[in-house]
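S.K.: Residue numbers (mature numbering (1 follows the signal peptide of the UniProt record, and there is no 0)): -26 to -1, 1 to 186. Glycine included, every Cβ here is placed at the ideal spot set by N, Cα and C. I have a structure I would like to understand better, so I am pasting it below and will then ask my questions one at a time.
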């Protein structure tokens, strides 16, 4: 991963193991919430029994399968008043990091799980949820890059995501028309997203794009 960041189809056996972990997580609502555990590495996300993220009384248990082009993430919220149901999410690739943050500063955390696809492109995607006033969670939507937009020009994957202060930052190399996959020569593009309420949930809105 880029050190320039500042602070911020599974086989049968894997599927069975993940289902068992999800069941265990859902069956133990009193699992202690960790204090200020704000990040999970790729190793922690795939290591039994789960990775724990926490912020005060609110937390998440995360467990991801790995080793396939399509994997699964089990995500269980903890400490909520109404709904602590586990979520099972299909991943196009492998989860390589998860972070807890409060981008909108409303006092309730969000969880961001970063995914990299299999193959030479390593296209990035995001799984994210926001806590709704301590009662439930709602998915956060990251709009895809518009093929007709300037930020899509030269894009061929290799995304990196990270929380930097109160923004989600996405970075990727810029490819020129004659560049080969492993040797982009067009520099780097960085997109900053702020978190806003949408019509039916939460959405990440690009508010700054820089190239260098």
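Helix, strand or coil for residue 83 per DSSP?
M.R.: Coil.
S.K.: Just verifying my parser: in three-state terms, what is the DSSP assignment at residue 185?
M.R.: Note: residue 185 maps to strand in three-state DSSP.
S.K.: Go to residue 38, then tell me how far its beta strand (DSSP E) extends in each direction, as first and last residue.
M.R.: It spans 32 to 38 - the beta strand (DSSP E) in which residue 38 sits, taken as one unbroken run.
S.K.: Is residue 157 buried or exposed, if buried means 16 or more other CB atoms sit within 10 Å of its CB?
M.R.: With fewer than 16 other Cβ atoms within 10 Å, it is exposed.
S.K.: Over what stretch of residues does the alpha helix (DSSP H) that includes residue 17 continue unbroken?
M.R.: Looking at the DSSP string, the run of the alpha helix (DSSP H) that includes residue 17 is 16 to 20.
S.K.: Under 6 angstroms Cβ to Cβ from residue 175, same chain only, skipping five residues before and after it: list those, please.
M.R.: Cβ within range, chain order: 112 and 113.
S.K.: In this structure, how does DSSP classify residue 124 when only helix, strand and coil are distinguished?
M.R.: Three-state result, residue 124: helix.
S.K.: I'd like to know if the segment 125 to 134 and the segment 101 to 110 are in contact, where contact means that at least 3 CB-CB pairs between them fall below 8 angstroms.
M.R.: Output reads no: the segment 101 to 110 does not touch the segment 125 to 134.
S.K.: I'd like to know whether the C-beta atoms of residue 178 and residue 102 end up nearer to each other than 9 angstroms.
M.R.: Yes, the Cβ-Cβ distance between residue 178 and residue 102 is below 9 angstroms.
S.K.: Just confirm the distance between the C-beta atoms of residue 75 and residue 87, as a whole number of angstroms; I'd bet it's less than 8 angstroms.
M.R.: At roughly 12 angstroms, the Cβ-Cβ gap does not stay under 8 angstroms, so residue 75 and residue 87 are not in contact.
S.K.: Is residue 87 close to chain D, meaning its C-beta is less than 9 angstroms from at least one C-beta of that chain?
M.R.: Protein chain content of the structure displayed is limited to a single chain, and chain D is not contained in it.
S.K.: Can you give me the C-alpha to C-alpha distance between residue 42 and residue 79, rounded to a whole angstrom?
M.R.: Looking at the two C-alpha atoms, the distance is approximately 36 angstroms.
S.K.: Compare the Cα-Cα distances from residue 144 to each of 25, 163, 126 and 12 and report the closest residue.
M.R.: The residue with the shortest Cα to Cα distance from residue 144 is 163.
S.K.: Going by Cα to Cα distance, which pick from 95, 137 and 39 is closest to residue 68?
M.R.: For residue 68, the nearest C-alpha among the options comes from 39.
S.K.: Going by C-alpha distance, which of 121, 28 and 169 is nearest residue 139?
M.R.: Of the listed residues, the one whose Cα sits closest to residue 139 is 169.
S.K.: Using CA coordinates, which residue listed in 91, 83, 56 and 52 is at the minimum distance from residue 70?
M.R.: For residue 70, the nearest C-alpha among the options comes from 91.
S.K.: What does residue 28 pair with, by DSSP beta-bridge criteria?
M.R.: BP columns for residue 28 point to 33.
S.K.: Let me know if residue 165 comes out buried or exposed under the rule of 16 or more other beta-carbons within 10 Å of its beta-carbon.
M.R.: Residue 165 comes out buried.
S.K.: Using C-beta distances below 8 angstroms, list every residue in its chain close to residue 160, excluding the 5 sequence neighbours before and after it, in chain order.
M.R.: Around residue 160: 128, 147, 148, 149, 150 and 153.
S.K.: State the beta-bridge partners of residue 168 as determined by DSSP.
M.R.: DSSP lists 179 as partners of residue 168.
S.K.: Can you tell me which of the three DSSP states residue 174 falls into?
M.R.: Of the three classes helix, strand and coil, the one that applies to residue 174 here is coil, per DSSP.
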